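Asks:
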Amino acid sequence: MMKTVAVVDAQNYSPEVLHTALREGLSLLLPQGLEAMIKPNDTVAIKVNMLMGKTPERAITTHPGLVREVCLLVKECGGKAVIIDSPGGPYTIGALKRAYEKCGFAAVAEETGAALNFDTSVVKVHDPRHPEYGTAMLLSPAVNAALIINMPKLKTHGLTILTCAAKNMFGLVPGLTKIDYHLRYPAIGDFCRTLVQIAELTQPELTIVDAVEAMEGEGPSSGTPKHCGALLLSRDMHALDVVAAQIMGLDPQTVPTIEAAQALGLLSASLAEITLLGKKPAVTPFVTPNVGRRPSFLRRLGSSPLARALALHLKPRLAFDGEKCISCGICVESCPPQAMLLTQNSLPQVDMNKCISCFCCQELCPEHAVLVQKSWLSKVIR
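Numbering (my numbering), first residue to last: 12 to 393.
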């Protein structure tokens, strides 16, 4: 079955540019129009990337200008847009309110009439067609919506290399429950397989990627903005992730979420079933996170004693920028294996024997004070 991805030019976030780009992309992808997907009075969950409360120019979250245009399109179709996400940390009404304000989504809601989600209830979800996907506790307002429009930000990621369409749906797992998944699945392959299964349980009808200003380097929160000047649209999350990886200069088959999608039969091994519409995407190689994947020889050793010993010495090291760290303790609170300790008047300390290299500490640090560094052995081998 062919999978279609549309790529359209969008050089900035002006309303005129975004309006034109969205119309062009949707006409390529949905010849019958968005109206064929959204019926009058449908509740449409707009799943943004709201990792934390940061201003749009940081390129950490989906740009509010793009969210505004999508909300207006939903309104044109007679639908009711609800902006929704579960940022890192406790999933509370207060945390949501602060994040919506800082990210610019509160202003979008006021201007367009879209709603902001403050319903923190969850519901158990499963797919009877795919019992192998198991169950997941997800945000009930998204599950109960008529449909979901997935709006990720194109970014690098310290753990998964790429965060885009499939990874964005992990945001429908509430708050600190995300940490439980890191603890239950410390191996990157197992974690990404579970992540893709959760994405499949959510079943977004449409994905629109903000790749106008993306993020490279130490993503998803400590990197630097990277201009790509494009929007990516698809009804298939995994095909879209393949195109996103190619734009970033990555081999898609080295991205663990794409590998997981292939293993689950959601993408072919050759990736030949993907059709591109619109402009030919320019490859703009991204600076990737300082720490890459485990060496292939180590993966081949499996779980042998030698592999475990080598893994400990190859494990990335965590360091803390003393000029940025404010000793807030968020890194300690968000550490799944409780491998971190913060004592008075000191920088956080890490027990590397407990650390599972999930990098939640770096991802959720509000001051971007957590540094991930290669070990001495990793530098020698690579």
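Glycine included, C-beta positions come from ideal geometry on N, C-alpha and C. Model, not experiment: these values are computed from the prediction.
What does the alpha-carbon distance come out to for the pair Pro377 and Cys339?
Replies: Within the sequence shown, residue 377 is the residue found at index 366, counting from 1. Within the sequence shown, residue 339 is the residue found at index 328, counting from 1. Their backbone Cα atoms lie some 9 Å apart in a straight line.
Asks: DSSP three-state label for Lys113, please.
Replies: As a first step, residue 113 must be located in the sequence shown, where it is residue number 102. DSSP places Lys113 in helix when its eight states are reduced to three.
Asks: State yes or no: is the C-beta of Gly36 within less than 7 Å of the C-beta of Ala110?
Replies: By 1-based counting over the sequence shown, the position of residue 36 is 25. By 1-based counting over the sequence shown, the position of residue 110 is 99. Contact flag unset, no.
Asks: Would you check if the segment 255-273 and the segment 121-134 touch, i.e. whether three or more CB-CB distances between them fall below 8 Å?
Replies: As far as the Cβ criterion goes, the segment 121-134 does not touch the segment 255-273, which means the pair count is below three.
Asks: Does the segment 239-248 touch the segment 192-204, meaning 3 or more C-beta pairs lie closer than 8 Å?
Replies: Verdict: no, contact absent.
Asks: I'd like to check one pair, Leu375 with Gly99: are the Cβ atoms closer than 7 Å?
Replies: Walking along the sequence shown from the start, residue 99 turns up at place 88. Walking along the sequence shown from the start, residue 375 turns up at place 364. For Gly99 and Leu375, yes; Cβs fall inside 7 Å.
Asks: Taking Cβ positions, are Ile219 and Lys58 nearer each other than 7 Å?
Replies: Translated into positions along the sequence shown, residue 219 becomes position 208. Translated into positions along the sequence shown, residue 58 becomes position 47. Against a cut-off of 7 Å, the Cβ pair of Lys58 and Ile219 comes out as no contact.
Asks: Helix, strand or coil for Val136? Go by DSSP, reduced to three states.
Replies: Taking the first residue of the sequence shown as 1, we reach residue 136 at position 125. Note: Val136 maps to strand in three-state DSSP.
Asks: Hey, out of His137, Pro215, Met148 and Arg140, whose CA is closest to Ala56's CA?
Replies: Sequence index remark: in the sequence shown, residue 56 carries index 45 (1-based). Here the closest residue by C-alpha is Pro215.
Asks: Let me confirm a value: Arg79 is counted as buried when at least 16 other C-beta atoms fall within 10 Å, else exposed. Which label applies?
Replies: On the sequence shown, residue 79 is found 68 positions in, with the first residue counted as 1. Buried, because 16 or more other Cβ atoms sit within 10 Å of the Cβ of Arg79.
Asks: Closest by CA to Cys88, which one among Gly76, Met61 and Lys50?
Replies: To locate residue 88, count along the sequence shown from 1; it is residue 77. The shortest Cα separation from Cys88 among Gly76, Met61 and Lys50 belongs to Lys50.
Asks: Apart from the five residues just before and just after Leu45, which ones in its own chain have a Cβ nearer than 7 Å to its Cβ?
Replies: Sequence index remark: in the sequence shown, residue 45 carries index 34 (1-based). Leu37, Leu84 and Cys88.
Asks: Evaluate contact between the segment 14-21 and the segment 244-251, counting only Cβ atoms and requiring at least three cross-stretch pairs below 8 Å.
Replies: Because the criterion of three Cβ pairs below 8 Å is met, the segment 14-21 and the segment 244-251 touch.
Asks: Using the three-state DSSP reduction, which class does Ser367 fall into: helix, strand or coil?
Replies: Translated into the one-based positions of the sequence shown, residue 367 becomes position 356. Correcting the residue identity first, residue 367 is Ile in this sequence and not Ser. Coil, per DSSP.
Asks: Have a look at Lys290 and Ala32 and give me their C-alpha separation to the nearest angstrom.
Replies: Within the sequence shown, residue 290 is the residue found at index 279, counting from 1. Within the sequence shown, residue 32 is the residue found at index 21, counting from 1. Each residue's Cα considered, the two are about 11 Å apart.
Asks: Taking the Cβ atom as the reference point for each residue, do Asp96 and Gly228 lie within a distance shorter than 7 Å?
Replies: On the sequence shown, residue 96 is found 85 positions in, with the first residue counted as 1. On the sequence shown, residue 228 is found 217 positions in, with the first residue counted as 1. Their beta carbons are not under 7 Å apart, which means Asp96 does not touch Gly228 by this criterion.
Asks: Less than 7 Å between the C-beta atoms of Lys164 and Asn60, yes or no?
Replies: For the purposes of this step, residue 164 is taken as the residue at position 153 of the sequence shown. For the purposes of this step, residue 60 is taken as the residue at position 49 of the sequence shown. Cβ atoms of Lys164 and Asn60: closer than 7 Å.
Asks: Using the C-alpha atoms, what's the distance from Thr103 back to Gln384?
Replies: Locating residue 384 in the sequence shown gives position 373, counting from the first residue. Locating residue 103 in the sequence shown gives position 92, counting from the first residue. Using only the alpha carbons, I get a separation of about 33 Å.
Asks: From Pro347 to Ala106, what does the alpha carbon distance come to, in whole angstroms?
Replies: One-based indexing of the sequence shown puts residue 347 at position 336. One-based indexing of the sequence shown puts residue 106 at position 95. Cα to Cα, Pro347 sits roughly 20 Å from Ala106.
Asks: One question on the structure: do Ala147 and Val154 come within less than 7 Å of each other, judged by their Cβ atoms?
Replies: Numbered from its first residue, the sequence shown carries residue 147 at position 136. Numbered from its first residue, the sequence shown carries residue 154 at position 143. Not a contact, by the Cβ cut-off of 7 Å.
Asks: Does the beta-carbon of Asp221 have 16 or more other beta-carbons within 10 angstroms, so that it is buried, or is it exposed?
Replies: To locate residue 221, count along the sequence shown from 1; it is residue 210. Asp221 should be labelled buried.
Asks: I think Thr299 touches Ile172, with their Cβ atoms under 8 Å apart; what is that distance to the nearest whole Å?
Replies: By one-based count along the sequence shown, residue 299 stands at place 288. By one-based count along the sequence shown, residue 172 stands at place 161. About 6 Å; that satisfies the 8 Å criterion.
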